[in-house]
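Okay, so the sequence shown: first residue is 2 according to the numbering used here, each after it adds one.
Beta carbons are placed, not taken as given, at the ideal position from N, Cα and C, and that holds for glycine.
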Amino acid sequence: MICVRCQQGIAPGEPYNEHYHEAASGPGCTNYTHKKCPEPKRRGRPAAGASR
Ligand SMILES: [Zn+2]
Numbered sequence: 002m003i004c005v006r007c008q009q010g011i012a013p014g015e016p017y018n019e020h021y022h023e024a025a026s027g028p029g030c031t032n033y034t035h036k037k038c039p040e041p042k043r044r045g046r047p048a049a050g051a052s053r
């Protein structure tokens, strides 16, 4: 399954939501989204230390 929100695969056993969309004709389709999408990896971000 592919999450329609982040376009990343939903791993088996990972919690997800189903969104059913009715079609005008024929069977509808079901979209899946993570319950919590993984955040995209940010590169080049310096670790913010000594903020306290
Ligand atoms: Zn997602």
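Near ligand 3: residue i beta-carbon under 6 Å from a heavy atom
i	result
Cys7	Judged by which ligands are present, ligand 3 is missing from the structure shown, whose ligands are ligand 1.
Beta-carbon proximity check, residue i vs residue j, cutoff 7 Å
i	j	result
Pro64	Lys36	As displayed, the chain neither begins before 2 nor continues past 53, which places residue 64 out of reach and without an answer.
Classification of residue i by the beta-carbon crowding that lies within 10 angstroms, buried from 16 upward
i	result
Cys30	exposed
Chain-order list of residues whose beta-carbon lies under 6 Å from that of residue i (same chain, five-residue window excluded)
i	result
Cys7	Cys38
Cutoff 8 Å; reference residue i; Cβ partners in own chain excluding five residues on either side
i	result
Asn18	Tyr33, Thr34, His35, Lys36
His22	Gly29, Cys30, Thr31, Asn32
Q) Enumerated in chain order, which unbroken segments of the alpha helix (DSSP H) with a length of 4 residues or greater are wholly contained in the region 23-49? A) none
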